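J.:
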Amino acid sequence: MEKQPKINVEADLHVSPEKTKEQQLYFCIAAHIVEVVLPAALDWKRFIPSFKTFKVDTAAEQKMICSVRVVDHAFHFEPDTAKLLYEISGIFGHFFCLFETEHNYITNVQFVEDGVHYQMISDKSFTNSTVYIDLNDRCAGLIFSSFVMTAFAQSVVLHQTLLIHASVVEKEGYGYAFLGKSGTGKSTHSALWLRHIEGTTLLNDDNPAVRVEDDGSVNVYGTPWSGKTPCYKNRKAALKVLVRLEQADTNRFTWKEGVNALITFLPSCSSMRWNALLYNEMCNCLEKVVDRVRIACLACLPNKEAVQLCYEEINNENKLLN
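Using my numbering, the letters of the sequence shown map in sequence onto residues 1069 to 1390.
1. Just to confirm, are TRP1261 and VAL1375 a CB contact at a threshold of 8 Å?
2. Any idea what DSSP makes of LEU1203, helix, strand or coil?
3. What residue does the alpha helix (DSSP H) around ASN1287 start on, and which one ends it?
4. Using the Cα positions of ASP1125 and MET1132, report the straight-line distance between them to the nearest angstrom.
5. Can you find a CB in chain D that lies within less than 8 Å of the CB of SER1235?
6. DSSP three-state call for GLY1326: helix, strand or coil?
7. Distance, Cα to Cα, ASN1371 vs SER1190?
8. Going by DSSP, what residue range makes up the alpha helix (DSSP H) through PHE1194?
9. Under the rule that 16 or more other beta-carbon atoms within 10 Å means buried, what is LEU1231, buried or exposed?
10. Thinking LEU1270 and GLY1243 are a contact (beta carbons under 8 Å), I'd like their distance in whole angstroms, please.
11. Considering Cα atoms alone, identify which of CYS1353, ASN1172, GLY1267 is closest to ALA1150.
12. Can you name, in chain order, every residue of its own chain whose Cβ lies under 8 Å from the Cβ of ALA1316, other than the five neighbours on each side?
13. Tell me the DSSP secondary structure of ARG1391 in three-state form.
14. Confirm, please, whether the CB-CB distance from ALA1277 to THR1322 is below 8 Å.
15. With THR1291 and ILE1097 assumed to form a contact (beta carbons below 8 Å), what rounded beta-carbon distance in angstroms separates them?
16. Going by other Cβ atoms of all chains shown within 10 Å of its Cβ, with 16 needed for buried, is ILE1156 buried or exposed?
17. So, helix, strand or coil for ALA1219, using DSSP?
18. Applying the criterion that 16 or more other CB atoms from any shown protein chain within 10 Å of the CB defines a buried residue, is THR1332 buried or exposed?
19. How is LEU1110 classed by DSSP in three states: helix, strand or coil?
20. Quick one: complete beta strand (DSSP E) runs, 3+ long, within the segment 1217-1261?
21. Using alpha carbons as the reference points, say which of ASN1287, TYR1379, ALA1344 lies closest to LYS1356.
22. Could you tell me the distance, in whole angstroms, from the CA atom of LYS1113 to the CA atom of ASN1328?
23. Please determine if the segment 1234-1254 and the segment 1103-1123 are in contact, where contact requires at least 3 C-beta pairs separated by less than 8 Å.
24. Quick one: is ALA1344 buried, meaning 16 or more other Cβ sit within 10 Å of its Cβ, or exposed?
25. Can you give the Cα-Cα distance for GLU1373 and ASN1275, rounded to whole angstroms?
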């Protein structure tokens, strides 16, 4: 493969859209503004359709937390001066790597080994990012959406918000978030709530955002990212409970307190443990959520009885607290 020339990271992170015939788009996600800069001729509604309900006309009234810009070509990254921080298969595509240079993070994705590289170059707070991608690629929109999710997940911790891995149902203005490893049955449990608990709707099925508001209350928000389930609702609900699911032969519900509650919630939060500022802010926000929201563990079977047990224990606990 012919190597592409090295990029000027610092310059590319701060290019004026007016000078390059680009369109500036603003999206309100968890009451935070995210800027997306795309080529002017690109139909953004077809490129990132899950963002439609989050579109706003301007960012003037709210602070913008991050900006992600597209450069219309793939780039072959040579990590000769970068430190490899993280490498795993199964994130976005088949091969995911995170590199660090003196001033930037470089997120690198490949769908096949030795295949095309898709990259996002970000500053250390993920406030400004540039994505290098061939817009003719049939997966370009999906890849770009995943990069925006990465930038949002890291930058938003500086604003008392966490992007978490969970499935969330809403009932009467309250959100019930189900946590757990992939394959644990979060989506299945939510589907059982929809079937057996009257008045329940799905808010998000994979990546909701949890925000500690200025008044100390905690809300859970829908986002443009919802895994395999197309549920992209620009809505919020008061977060009532966080329940970690575990597969088991019988149904058992246990409330978690103190450190155990924090440990139960932590694995579901997006974390950049190599960046002290971002990681500390994430932990501070996590502690505030744990102080204000009840956390539990449900060892369960995928059945109606598990849902009934969970719902009854949550409501009985809230009766005791009231």
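Using N, Cα and C, we set each Cβ at its ideal position, and we do this for glycine too. Treat the numbers as computed from the prediction; the structure is a model and nothing was measured.
T.: Based on what the coordinates show:
1. yes
2. coil
3. Taken as a continuous stretch (DSSP letters only), ASN1287 belongs to no alpha helix (DSSP H), being part of the beta strand (DSSP E) at 1286-1289.
4. 13 Å
5. Of the protein chains in the structure, only one exists, and it is not chain D.
6. helix
7. 44 Å
8. No alpha helix (DSSP H) contains PHE1194, which DSSP labels as neither H nor E.
9. buried
10. About 11 Å separates the two Cβ atoms, so there is no contact after all.
11. ASN1172
12. ALA1367, CYS1368, LEU1369
13. Because residue 1391 is not part of the residues shown, which for the chain are 1069 to 1390, the question remains open.
14. no
15. 6 Å
16. exposed
17. helix
18. buried
19. coil
20. 1229-1231, 1235-1239, 1242-1247
21. ASN1287
22. 43 Å
23. no
24. exposed
25. 26 Å
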